[in-house]
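Student: Per UniProt numbering, the sequence shown starts with residue 1, numbered consecutively.
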Amino acid sequence: MKDFFINIYKHVSDFFINIKMPGFATMMLGVTCISLLTIGIWFFIRIRSIKNGTLILSESDLLDTEQESKPLFKLTKKDVIIMLAMTIFYAIPALYNLGSFSVPETSWAPSAKDDGFIVDLGKKVEVSKVMIYQGYNHEKYDNVKYDILYLNDFDNYMSSETIDKTGFYSWKVSTKEFKTSKIKFMPNGPGAALNEIAVFEKGSAKPLSIKSITSSNSGSNMPAIESPDHKPYKLSNLIDEQDKVDFYTLSNTNTYFDEVFYPRTALDFIYEIIPFERTHPPLGKYFVMIGMLIFGVNPFGWRIVGTLFGVAMIPVMYLFGLKIFKKRFFAFCTAFLMMFDFMHFVQTRISTIDVYVTFFVILMYYFIYDYFIRKPYKVGLKKSLVPLFLCGLILGIGAATKWIAMYGAVGLMLIFIIAKLDEIACYTAYRQYGLSSDLFNKFWSRYFVKTALACVLFFLIVPGIIYFASYTSIMLVPGNGVKEFINNQTYMYNFHNDLDIKHSYSSPWWAWPIMVKPIWFYGSKALAAENLTSSIICMGNPLIWWFSIPALITGIVLAIKRKDRYMIVPIFGALFQYIPWMVVRRMAFIYHYFSVMPFLIIIMVYLIKIFYGHGRTARKLVYIYLILTAFMFVMFYPILSGVIVPKWYASLLQWFPGWSFRY
């Protein structure tokens with residue numbers, strides 16, 4: 001643990017001392033940081049008054065037509081302590097075994113086809129495994145194959161196996177056994193970078209000592225290929241980091257699943273070349289890039305920022321729960337269920353962009369809730385516009401991360417319309433019954449028209465500017481310009497609209513809540529021979545997910561019956577993050593349910609709140625449910641985090657035929 005914090009300090013201090021960041025990235029990240037700072041200031045202003053240990057955030061009663069205010073929610077010092085404790089409690093397992101700081105980094109790449117190399121082991125040994133660590137290269141050099149050949153007893157090279165170089169910062173393994181003193185690696189094309197090779201003798205998990213590495217005859221005089229980072233390719237780079245070889249190819253030294261796309265694209269941004277991944281807007285990859293700039297090109301570096309966003313979801317959910325339910329226990333329940341949801345844990349520890357957009361979607365609805373329950377003519381026009389501005393700002397950042405944020409924009413629009421219709425109804429009632437009030441002076445010109453005009457700025461112009469600016473990295477590439485921005489929108493739409501390929505772990509929208517097909521993100525084959533396993537499974541907590549859709553239906557019915565108007569916000573959040581996937585034709589995965597779950601959790605807590613009030617037995621059942629939910633997380637933790645466990649334990653958790661958790 002001491003070494004972990006020393007590493008953190010070293011990388012952070014080095015980053016600020018020797019900061020090097022592309023101009024476009026500085027601009028976009030600056031906008032994002034300023035936006036998040038604005039949100040922080042907003043939170044501070046809203047909770048700045050502390051008297052007798054209590055912070056009071058005020059609002060007008062939704063149905064009261066007088067100008068008096070009622071507390072929106074009370075945030076005490078005890079709440080702050082609870083939030084802090086829950087956040088730290090969650091952060092410890094989230095950061096544990098997140099990723100290594102140390103992986104092979106120096107590279108070599110062939111200059112042409114058959115520009116290979118020969119590894120001299122110095123003696124004849126029985127080889128059981130050959131490993132290569134795939135490096136970083138230009139996209140045009142992808143899909144090169146390396147033929148592994150070994151020298152036989154007749155001094156002829158015989159083919160053992162062909163390995164595709166299709167990955168990025170991950171180990172590829174050949175387990176074909178042979179006896180030899182020399183191994184030749186022959187590529188079928190140029191430019192495919194390797195960072196390290198390792199050869200293992202049968203029965204050993206320690207790399208063999210390599211006597212020498214030399215170029216093959218056919219490639220010795222060929223011109224060098226330039227690396228993206230402009231560092232020289234040298235054959236010696238392939239055997240200079242043998243202490244970083246990972247025999248078991250664990251998740252903390254490898255990219256896995258969609259990490260092959262996003263960290264690599266973040267590295268493209270660092271070196272200001274055409275990005276590899278262009279099926280989503282760029283901003284999410286900028287967040288990945290920040291971690292890599294601070295901590296280096298390693299698994300910890302490309303995962304840490306997303307994990308911290310996941311950690312930040314815990315206090316945000318607590319505040320959201322406190323804002324809606326007004327009681328500390330139900331705020332605790334809201335954050336608690338998020339803490340122990342499997343997908344929240346897994347999806348925020350992998351370097352993809354879903355964690356960022358989900359975080360921003362939560363904030364979008366967090367701020368629209370303020371506007372929805374607070375009438376402008378009671379709090380004043382300027383004050384009422386603040387949450388709308390913050391909501392639009394976050395919408396722009398979310399949309400520049402992933403398009404699913406715009407699903408939520410439909411929900412925001414309908415919530416806004418309902419709020420305005422309610423205001424019109426109040427205004428109409430006053431006029432109809434001949435009542436008079438200063439509250440309604442210049443209602444149309446002051447509150448309705450000005451708010452509508454402000455929304456054009458907040459929800460169209462501001463998000464549009466943020467979204468457009470996020471493409472600066474692509475538009476600055478010589479020959480691109482604005483036309484590339486337009487082309488990329490068309491490309492993204494066509495890609496997602498026409499994505500009809502099959503994937504073994506894809507599943508339809510209706511299968512997600514019941515977890516018909518969890519995704520096996522990662523598994524170690526090397527451990528299987530020792531009756532051990534290390535896996536990372538993308539799925540939900542059964543005690544949360546299996547109740548999610550019944551809770552949604554029941555929540556809608558009860559909210560209507562009980563006239564709990566405030567529940568419109570989380571219900572719309574759930575519906576408009578989920579319904580679009582019912583009509584999307586493209587291949588989809590269970591992790592697309594991730595952005596729906598925060599709102600379903602709030603709805604579940606709404607039902608818990610109702611049930612909790614039905615006496616002592618009901619309260620005990622709620623406590624038992626929470627304990628079992630946490631216990632379920634503990635039980636599944638090994639296959640959510642990549643912790644090494646016996647194969648029988650993973651098998652024990654495979655409850656259904658579609659659940660595959662080990663080799």
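Beta carbons are placed, not taken as given, at the ideal position from N, Cα and C, and that holds for glycine.
Small disclaimer: the values here were computed from a predicted structure and weren't measured.
Among the residues of its own chain, which have a CB less than 6 angstroms from the CB of MET582, if the five just before and after it don't count?
Tutor: Locating residue 582 in the sequence shown gives position 582, counting from the first residue. Answer for MET582: TRP509, listed in chain order.
Student: Going by the beta-carbon positions, is the gap between ASN195 and GLY135 smaller than 7 angstroms?
Tutor: In the sequence shown, the residue the question calls residue 195 occupies position 195. In the sequence shown, the residue the question calls residue 135 occupies position 135. In contact: ASN195 and GLY135 (Cβ atoms closer than 7 angstroms).
Student: When DSSP builds the beta bridges, which residues end up paired with GLU196?
Tutor: One-based indexing of the sequence shown puts residue 196 at position 196. Paired residues: TYR133.
Student: Where are the alpha helix (DSSP H) runs, 4 residues long or more, that stay fully inside the stretch 272 to 358, in chain order?
Tutor: If we require 4 residues or more, the alpha helix (DSSP H) runs fully inside the stretch 272 to 358 come out as 283 to 295, 299 to 325, 328 to 339, 342 to 347.
Student: What span of residues does the alpha helix (DSSP H) with LYS620 cover, start to end?
Tutor: For this step, residue 620 is matched to residue 620 along the sequence shown. 616 to 641 is the span of the alpha helix (DSSP H), which, as asked, contains LYS620.
Student: Suppose contacts are defined by Cβ-Cβ distances below 7 angstroms. Is GLY380 in contact with SER351 by that definition?
Tutor: Taking the sequence shown and counting its residues from 1, one reaches residue 380 at position 380. Taking the sequence shown and counting its residues from 1, one reaches residue 351 at position 351. No, the pair does not count as a contact, with Cβ atoms beyond the cut-off.
Student: Pick helix, strand or coil for GLU177, following the three-state DSSP scheme.
Tutor: Here residue 177 corresponds to residue number 177 of the sequence shown, with the count starting at 1. Note: GLU177 maps to coil in three-state DSSP.
Student: Rounded to whole angstroms, what is the Cα-Cα separation between VAL316 and PHE309?
Tutor: For the purposes of this step, residue 316 is identified with residue 316 of the sequence shown, where counting begins at 1. For the purposes of this step, residue 309 is identified with residue 309 of the sequence shown, where counting begins at 1. Roughly 10 angstroms between the two C-alpha positions.
Student: Can you check which of these residues, ALA109, VAL516, LEU499, is closest to PRO232 by C-alpha distance?
Tutor: The residue given as residue 232 occupies position 232 in the sequence shown. Out of ALA109, VAL516, LEU499, ALA109 has the C-alpha closest to the C-alpha of PRO232.
Student: Where does the unbroken alpha helix (DSSP H) through TRP546 begin, and where does it stop?
Tutor: On the sequence shown, position 546 is the one that residue 546 refers to. From DSSP, TRP546 is part of no alpha helix (DSSP H); its letter is neither H nor E.
Student: Whose C-beta lies closer than 8 angstroms to the C-beta of ASN488 among residues of the same chain, with five residues either side of it excluded?
Tutor: Position 488 of the sequence shown holds residue 488. So the qualifying residues of the chain are ARG278, TYR471, ILE474.
Student: Taking PHE521 and ILE537 to be in contact with their CB atoms under 8 angstroms, please state how far apart those CB atoms are, rounded to whole angstroms.
Tutor: For this step, residue 521 is matched to residue 521 along the sequence shown. For this step, residue 537 is matched to residue 537 along the sequence shown. With 8 angstroms as the limit, PHE521 and ILE537 qualify as a contact, their Cβ atoms being about 7 angstroms apart.
Student: Helix, strand or coil for ASP147 per DSSP?
Tutor: Position 147 of the sequence shown, counted from the first residue, corresponds to residue 147. In the structure shown, ASP147 sits in a strand (DSSP, three-state: E or B).
Student: Buried or exposed: where does LYS620 fall if 16 or more other Cβ atoms within 10 Å of its Cβ makes it buried?
Tutor: As a position in the sequence shown, residue 620 is number 620, starting the count at 1. Exposed, by the Cβ-count rule.
Student: Which residues in the same chain have their Cβ closer than 6 angstroms to the Cβ of GLY99, if we skip the five residues on either side of it in sequence?
Tutor: Taking the sequence shown and counting its residues from 1, the one referred to as residue 99 is at position 99. So the qualifying residues of the chain are ASN252, PRO299, PHE300, ARG303.
Student: Rounded to whole angstroms, what's the CA-CA distance from TYR369 to ALA399? Just pull it up for me.
Tutor: Working through the sequence shown from its first residue, we reach residue 369 at position 369. Working through the sequence shown from its first residue, we reach residue 399 at position 399. The alpha-carbon atoms of TYR369 and ALA399 are separated by roughly 19 angstroms.
Student: Enumerate, from N- to C-terminal direction, the unbroken alpha helix (DSSP H) stretches of 4 or more residues contained entirely within the stretch 475 to 500.
Tutor: Correct list: 482 to 497.
Student: Nearest CA to the CA of ILE519: which residue from PRO638, VAL144, ILE465, SER535?
Tutor: Position 519 of the sequence shown holds residue 519. Here the closest residue by C-alpha is SER535.
Student: Is it the case that the Cβ atoms of VAL346 and LEU640 are separated by a distance below 7 angstroms?
Tutor: To locate residue 346, count along the sequence shown from 1; it is residue 346. To locate residue 640, count along the sequence shown from 1; it is residue 640. Yes.
Student: Along the alpha helix (DSSP H) that carries GLY398, what are the first and last residues, could you check?
Tutor: Counted from its first residue, the sequence shown places residue 398 at position 398. Unbroken alpha helix (DSSP H) run through GLY398: 381 to 399.
Student: Grouping DSSP H, G and I as helix and E and B as strand, with all else coil, what is ILE213?
Tutor: As a position in the sequence shown, residue 213 is number 213, starting the count at 1. In this structure, ILE213 counts as strand in the three-state DSSP scheme.
Student: With a threshold of 8 angstroms, are at least 3 pairs of Cβ atoms found where one atom belongs to the stretch 480 to 487 and the other to the stretch 496 to 504?
Tutor: Short answer: they don't touch.
Student: So, for SER174: in the same chain, excluding its five sequence neighbours on each side, which residues have a beta-carbon less than 8 angstroms away from its beta-carbon?
Tutor: For this step, residue 174 is matched to residue 174 along the sequence shown. So the qualifying residues of the chain are LYS129, VAL130, MET131, ILE148, SER160, GLU161, ILE163.
Student: Would you report the Cα separation of SER660 and ARG349, rounded to the nearest angstrom?
Tutor: Along the sequence shown, one-based indexing puts residue 660 at 660. Along the sequence shown, one-based indexing puts residue 349 at 349. Roughly 20 angstroms separates the two Cα atoms.
Student: If contact is defined by three or more beta carbon pairs under 8 angstroms, each pair taking one atom from either stretch, is the stretch 196 to 206 in contact with the stretch 234 to 249?
Tutor: Taking 8 angstroms as the limit for Cβ pairs, the verdict is that the stretch 196 to 206 does touch the stretch 234 to 249.
Student: In three-state DSSP terms, what is GLU68?
Tutor: Within the sequence shown, numbered from 1, the residue matching residue 68 stands at position 68. For GLU68, the pLDDT reaches just 33, beneath the cut-off of 50, and the residue's location in the model is therefore unreliable, leaving the point undetermined.
Student: Thinking C-alpha only, which one of LYS182, GLY479, VAL144 is nearest PHE154?
Tutor: Looking up residue 154 in the sequence shown gives position 154. Of the candidates LYS182, GLY479, VAL144, the one whose C-alpha sits nearest the C-alpha of PHE154 is LYS182.
Student: Alpha helix (DSSP H) containing ASP268: first to last residue?
Tutor: To locate residue 268, count along the sequence shown from 1; it is residue 268. Unbroken alpha helix (DSSP H) run through ASP268: 262 to 270.
Student: If you check the beta carbons only, do PHE342 and MET86 fall under 7 angstroms apart?
Tutor: Within the sequence shown, numbered from 1, the residue matching residue 342 stands at position 342. Within the sequence shown, numbered from 1, the residue matching residue 86 stands at position 86. Contact: no.
Student: Which value, in whole angstroms, describes the spacing of the CA atoms of PRO638 and LEU628?
Tutor: What you label residue 638 is simply residue 638 of the sequence shown in a count that begins at 1. What you label residue 628 is simply residue 628 of the sequence shown in a count that begins at 1. Straight-line Cα distance between these residues: approximately 17 angstroms.
Student: Alpha carbon to alpha carbon, what distance is there between THR490 and LEU337?
Tutor: As a position in the sequence shown, residue 337 is number 337, starting the count at 1. As a position in the sequence shown, residue 490 is number 490, starting the count at 1. One C-alpha to the other measures close to 39 angstroms.
Student: Excluding the 5 residues flanking ASP79 on each side, which residues of the same chain have their C-beta closer than 8 angstroms to its C-beta?
Tutor: Start at 1 with the first residue of the sequence shown, and residue 79 comes out as number 79. Cβ within range, chain order: TYR318, LEU322, ARG328, ALA331.
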